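> Just so we're aligned, residue 1 is where the sequence shown starts under the UniProt record's numbering, counting upward by one. Each residue gets a CB set at the ideal place from its N, CA and C atoms; glycine is no exception. Treat the numbers as computed from the prediction; the structure is a model and nothing was measured. My questions all concern the structure below.
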Amino acid sequence: MSTRTAVNKAKPTDGGPRPIFCYGTLMHPLIYLKVVGKSEMPKREAAILKRFRRRKVLHQAYPAIASGDADDQVEGYLVHVQAEDIALLDLFESDDYERITVTVHLCSSTESDASQETDVYVWRKSKSRLSENEDWSYEKFVETKLKEWTRDIDCFPHHPEEQP
């Protein structure tokens, strides 16, 4: 049985992995740590991804992003990942997403135009599976779904028999 991991279309790097821009469930430290199997959150910074739009995936508690208009933007966190975390994040995101390289704008910088190259998981399935009129809300997720998502259950629902 093949593994259904995210499709990697990110640009290669010379050294370690590029940071990952997290804009959905992985923004919450408990979920991120559960996915990568660690106890300490890596360095992260608030960031904005421009020209993308975050939408609710129909009948799911998680979002997806897709390209948007010039005035669209997605808030999230730039997470400085470890090399061994990438395969687990790809597995968690599944083949519904592809990992691509983008540039985000850093919120914490004193420079008004500070940016950072990063990888992000972008929706690659049919856009008909995304809500046309409902943006995904992190606050609503935390309020209504976080407890369910942080119980001691499998965080790789797509193929539990293939966990690393």
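Using 8 angstroms as the Cβ pair cut-off and three pairs as the minimum, do the stretch 73 to 90 and the stretch 16 to 24 touch?
Yes, since at least three Cβ pairs between the stretch 73 to 90 and the stretch 16 to 24 fall closer than 8 angstroms, the two stretches touch.
> Check this for me: beta carbons of Ala66 and Cys107, under 8 angstroms apart or not?
Within the sequence shown, the letter at position 66 stands for residue 66. Within the sequence shown, the letter at position 107 stands for residue 107. No.
> Which class does Tyr23 belong to by DSSP, given the choice of helix, strand or coil?
The count along the sequence shown starts at 1 and reaches residue 23 at position 23. In this structure, Tyr23 counts as coil in the three-state DSSP scheme.
> Who are the Cβ neighbours of Trp136 in its own chain at under 7 angstroms, not counting the five residues just before and after it?
Taking the first residue of the sequence shown as 1, we reach residue 136 at position 136. The residues are Gly24, Arg54, Arg55, Lys56, Pro63.
> DSSP on Glu148, reduced to helix/strand/coil?
Walking along the sequence shown from the start, residue 148 turns up at place 148. In the structure shown, Glu148 sits in a helix (DSSP, three-state: H, G or I).
> Quick one: Cα of Ser126 to Cα of Tyr138, how far?
Start at 1 with the first residue of the sequence shown, and residue 126 comes out as number 126. Start at 1 with the first residue of the sequence shown, and residue 138 comes out as number 138. Computed Cα separation, rounded: 23 angstroms.
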